[in-house]
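Chemist: First residue of the sequence shown: 473, per our numbering; consecutive thereafter. First the structure, then my questions, so here it is.
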Amino acid sequence: MADINMQEQINEINRKLDLVLSEINTQRLKREEVEDLIDDVSIIGKDVFTNTVKTLDNAGIELDYDALNSLLIRFVRNIGTFNQMFEMLESGNDLIKDLTPIVNQVGLDAIQKMTEFEEKGYFAFFNEAVNIFDNVVTHFKPEDVRSLADNIVTIMETVKSMTQPDMLEAMNNGLLVYKSMETKDVKEYSLWKAFRAMNSPEMKRSLGFMITFMQKLSKSLNKE
């Protein structure tokens, strides 16, 4: 029984030794592969360096080894800076990826809104508005614009007064009356008929309005 246990232990030890030897052999093979790769890279690097030197020499370019060595040292010294730069580039790339759907959606919304404006006639309206502006520019002189600027306050006050509700209603009533008149077939009035018409309440009220208006206008002009 003891012999059997001893044999099992020996077998287990042999199995572990086989694993260790296999691992050692694997590491040795990897080391040899790395050494072979280093040798190959060294050979390729030497060939590339030699060919580069020959090419530069044929081109008449002298290679400053001190400057090259200094450049290599600076490159190694600033590896951290290069890493930061690449991190910034990666962050910028991620930002672009995040913003791309948003920008695409904004572009689609803008195109849709432009299409809506075009269907409603905004662009045609603005084109005609530009024509109006062109006509104004070609018709008026700079002196006219300067005069407009000098009198803009008076003009705005006049427009403000004209756009009051009572003034708008009065102008609208006058326009409605004018539209309802037959201007091409106006009745003729003799002096006697006109005198009789002036005795009507409507004409007396109209004459009173005109006289009052002229009196107030005259007083206003005298104040100025």
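Think of the CB as a built atom: it goes at the ideal place given N, C-alpha and C, for glycine as much as any other residue.
For the stretch 579 to 655, list the alpha helix (DSSP H) runs that are entirely contained and at least 4 residues long, ordered along the chain.
Modeler: For secondary structure counted as the alpha helix (DSSP H) over 4 or more consecutive residues, the stretch 579 to 655 holds these complete runs in sequence order: 594 to 611, 614 to 622, 624 to 634, 637 to 652.
Chemist: Leaving out five residues before and five after Ala531 in sequence, what residues of the same chain have Cβ atoms less than 7 Å from its Cβ?
Modeler: none
Chemist: Do you know offhand how far Met670's Cα is from Leu693's?
Modeler: 29 Å
Chemist: Please list the terminal residues of the continuous alpha helix (DSSP H) segment that includes Tyr537.
Modeler: 537 to 549
Chemist: Which first and last residues belong to the alpha helix (DSSP H) in which Ala531 is found?
Modeler: Taken as a continuous stretch (DSSP letters only), Ala531 belongs to no alpha helix (DSSP H), as it is neither H nor E.
Chemist: Grab the span of the alpha helix (DSSP H) containing Lys665 for me, first residue to last.
Modeler: 663 to 670
Chemist: Look at the Cβ atom of Phe554, then the Cβ atom of Phe547, and state whether they are nearer than 9 Å.
Modeler: yes
Chemist: Would you kindly work out how many angstroms separate the C-alpha atoms of Ile574 and Ser563, rounded to a whole number?
Modeler: 17 Å
Chemist: One question on the structure: do Met643 and Met634 come within less than 9 Å of each other, judged by their Cβ atoms?
Modeler: yes
Chemist: Could you check the C-alpha separation between Glu660 and Thr626 for me, to the nearest Å?
Modeler: Within the model, the alpha-carbon separation for Glu660 versus Thr626 is close to 41 Å.
Chemist: Would DSSP call Glu495 helix, strand or coil?
Modeler: The answer is helix: DSSP assigns Glu495 an H, G or I state.
Chemist: Which value, in whole angstroms, describes the spacing of the CA atoms of Pro614 and Lys665?
Modeler: Annotation: Pro614 to Lys665 spans about 53 Å, alpha carbon to alpha carbon.
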